[in-house]
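So for the sequence shown, the numbering used here puts the first residue at 99; every next one is plus one. Ideal Cβ positions, reconstructed from N, Cα and C, are used throughout, including at glycine. As the structure is a computational prediction, the values presented were derived from the model and not from experiment. Here the structure comes first, spelled out in structure tokens, and everything after it is commentary.
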Amino acid sequence: GTPHKYDPTFKGPIYDRGCTDIVCCVLLVVAIVGYVVVGVVAWTHGDPRKVIYPTDSRGQFCGQQGTPNAYVSPAMGALGTPPRHIRLQGCSGPPQLSEIPLTHPRVRRFQICVSRCPDRFLTLLSAYTSSSDMEYYRQFCVPEFGNTLKSPVEILKNKECPAMLIPSTPLARRCLPAVQAKQGVIMVGNETTYDDGSGRRRNVTELLEGAKKANVVLEARQLAMKIFEDYTVSWYWIIIGLVIAMLASLLFIVLLRYLAGIMVWVMMVLVILVLAYGIFHCYLEYAKLKGEAGSDMSIKDLGFQTDLRVYLHLRQTWLAFMIILCVVELVIVLLLIFLRKRILIAIALIKEASRAIGHIMTSLLFPLCTFFLLCLCIAYWASTAVFLSTSNEAVYKVFNETACPYSGQTCMPETFNTSNVTKACPDAQCLFAFYGGESAYHKYLIALQFFNIFMLFWLANFVIALGQVTLAGAFASYYWAFKKPDDIPAFPLFSAFGRALRYHTGSLAFGSLILAIVQVIRVTLEYLDHRLKAADNKVAKFLLGCLKCCFWCLEKFIKFLNRNAYIMIAVYGTNFCASARNAFFLLMRNIIRVAVLDKVTDFLFFLGKLLIVGSVGILAFFFFTQRIKLVQDTAPSLNYYWVPILTVIVGSYLIAHGFFSVYGMCVDTLFLCFLEDLERHDGSTEKPYFMSPGLQKLLKKSNKGHPDA
């Protein structure tokens, strides 16, 4: 690319600018309108109750107002208790059919709504002979069963009651077998066998497979309750820990102005010393093996060994380690010698970024705005996804006990009794099968879900881009102020935010659209990889792995390019393509400086996050484990002390990441402005440098006729 020429009218971010990438702006608005329409349609057809509340075999909700199962058993007086759901075990057909395996296509397990779960083993045949048992059994029958006197065969044929009851425990409004182990013996309701309703005894281990996962969920719910209790007694201490993390992050950014150079050089010296010790250790091991049997054998003669420790007994191994470490040590020393000036420039820019943030303190709070907008995008996506996934309608199928040509066909419960099916198959029933649909809307549900996930990526990337271009505009206003801080415009952050929304919504939409397309492709590849895990096609797996790697690299490159393009948009007001091209060529003309600055800042940010998260995490550990004597009585009593500790650690990392993201954007913006400054100006009276006196001194440059600049 061609270096920028001097422009006497350029004094920082251009205020007289026009709208850019209008087509992409219109496309974004149309997509958002379409996204809203999809959300409204989904909210109209969807019903999240399908996810939360169970249904009976007729597709009716359990315990919901306005449904036939709102109050399952009014005689119990538990009208305010939402009824639970029972998934019946065993055959629902008449006794003569109960020998049919449960996997038989003509046998269907049905579900009914009950007020409470059964607490004993009981079969319909045994309960029918006892009035007290039958009274207990009625509460687990369909609501219209009532006090009617029917034979067991007729009851089971009409699917009004289950063939048997199993002791169960409520879990997520569903009754699941209460499996427990006593002295290594699997039991359900203190029994090891049960009657399956046909007079045959079965072992309770047959219920174990279905109850294993239920017990895991039950234990998880108990764990969640204890964790919730810990949060209720420690939440204010957690907030105090997060405030400490925020103050520590702010203090670290301030100290970088004074300690950045010391931390960088100390770390580099430590790396050199560690490598030197590694060389010395390899030499000691090499010398120690001299004269030992088999130590002079070459690695080639030894061949490949699965036990890698064998190679440590060869002198050649330690010689190779020593040579590699010597080469790495030499390369690092030479890089430090030849790149020392560029390292000093990187340190000076980091110090300058600390000063810039000190003059624009509101920039530290701006990530909260970005976080809030991201939460809105995620919440809208999640709610739309739930409503779309619950948009299906109840589908009813024909179920029968004997051969029937209509078996498995779709039916309507309202007209089933007057249809030809009941005439041809008297024992057939129209029962709820699953949720689905055959309308045009239901056919395109997958496409709507895909559009939903695509819009999530697009809008999330747009919000992040808006935050980056806003911060870049504010920090560019600081750099291009000739006399700092007197020439810094008022409210630079709000001015940059207004310019970004007013003029560059299209450019931000363009950049975020490209990134969203790549991310959606990556998600699709991950989905395909998950589906192909069980396949034996190694060629397909290899090609898929290559594609995943390529698109991962492409996503990283686009993020890097977009970030620098947004800086150029904030400064010059050009469109996305021109900004990306200019930023890329500018960086390529200074590729070594870019690499050095990137690694130095990465190291400092890693060190800062490690220091903040580690110190706050250690403090939280000693406090919540009551190891600090001064506040030993103040610490709350907890079920799991790791709950608030992990919360503080994760929260501290997010806070530190938010602060350092602002700092990183500031460093990148000042760096691009610094490179532009070197190309545009020469320090003369007509073309004075805008960089700080410290950078001028480091580069042995000065502004002639401007001693105070």
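Asked	Found
Reference methionine 789; option with closest CA among Ala374, Ala579, Tyr151 and Leu349	Ala579
Buried or exposed by the 16-neighbour rule on C-beta atoms within 10 Å, applied to leucine 823	An answer regarding residue 823 cannot be provided, because it is not within the stretch 99 to 807 covered by the chain.
8 angstroms CB neighbourhood of arginine 597 in its chain, flanking five on each side removed	Pro111, Tyr113, Arg115, Gly571, Ala668 and Gly671
Buried versus exposed call for glutamate 499 [16 or more other C-beta atoms within 10 Å across all chains shown]	buried
Segment limits, beta strand (DSSP E) that includes lysine 495	491-497
Chain-order list of residues whose beta-carbon lies under 6 angstroms from that of isoleucine 325 (same chain, five-residue window excluded)	Val741
Collapsed DSSP secondary structure at asparagine 301 in the structure displayed	strand
Bridge partners - valine 748, DSSP secondary structure assignment	Bridge partners of valine 748: none, in fact.
Endpoints, alpha helix (DSSP H) assigned at arginine 236	229-236
At least 3 beta-carbon pairs within less than 8 angstroms: the stretch 742-755 vs the stretch 340-360	yes
Cβ shell of phenylalanine 720 (< 8 angstroms), same chain only, five flanking positions each side left out	Ile726
According to DSSP, residues forming a beta bridge with serine 266	Pro275
Where glycine 339 falls, given that 16 or more other Cβ within 10 Å makes a residue buried	buried
Separation of proline 250 from glutamine 158, as counted between CA atoms	25 angstroms
Residues near glutamine 617 in its chain [Cβ-Cβ closer than 6 angstroms; skip 5 each side]	Phe555
CB contact flag (leucine 437, leucine 486, <8 angstroms)	no
Coil, strand or helix - valine 240 by DSSP	coil
Aspartate 119 beta carbon less than 8 angstroms from that of phenylalanine 674	yes
Leucine 796 and alanine 418 closer than 8 angstroms at C-beta	no
Spatial distance of phenylalanine 769 from cysteine 651 (CA atoms)	24 angstroms
Threonine 221 versus proline 260: straight-line alpha-carbon distance, rounded	8 angstroms
Selected residue, minimal CA-CA separation from isoleucine 130, among Phe464, Pro503, Ser759 and Phe552	Phe552
Same chain only: Cβ atoms within 6 angstroms of serine 677, ignoring 5 sequence neighbours per side	Ala663, Met666 and Ile667
Alanine 454 vs cysteine 764 beta-carbon contact at 8 angstroms	yes
Span of the alpha helix (DSSP H), counted from its first residue to its last, around isoleucine 443	438-457
7 angstroms CB neighbourhood of threonine 482 in its chain, flanking five on each side removed	Val136, Gly137, Ala140 and Asn550
Separation of alanine 444 from arginine 687, as counted between CA atoms	16 angstroms
Burial state of histidine 628 (16 or more Cβ within 10 Å)	exposed
Span of the alpha helix (DSSP H) around glutamine 209	Here glutamine 209 belongs to no alpha helix (DSSP H); instead the beta strand (DSSP E) covers 209-212.
Cβ-based burial, glycine 712 [other Cβ within 10 Å; buried from 16]	exposed
Threonine 415, buried or exposed, once every other Cβ within 10 Å from all chains shown has been counted against 16	buried
Sheet register partners of alanine 529 (DSSP bridge)	According to the sequence provided, residue 529 is leucine. The question's alanine does not apply to it. Bridge partners of leucine 529: Lys495.
Host alpha helix (DSSP H) of cysteine 675 (start-end)	674-686
Beta-carbon spacing of valine 637, isoleucine 336 below 8 angstroms	no
Nearest residue (CA-CA) to tyrosine 761, options Pro524, Phe464 and Leu626	Phe464
Tyrosine 104 classed as buried or exposed, judged by whether at least 16 other C-beta atoms fall within 10 angstroms	exposed
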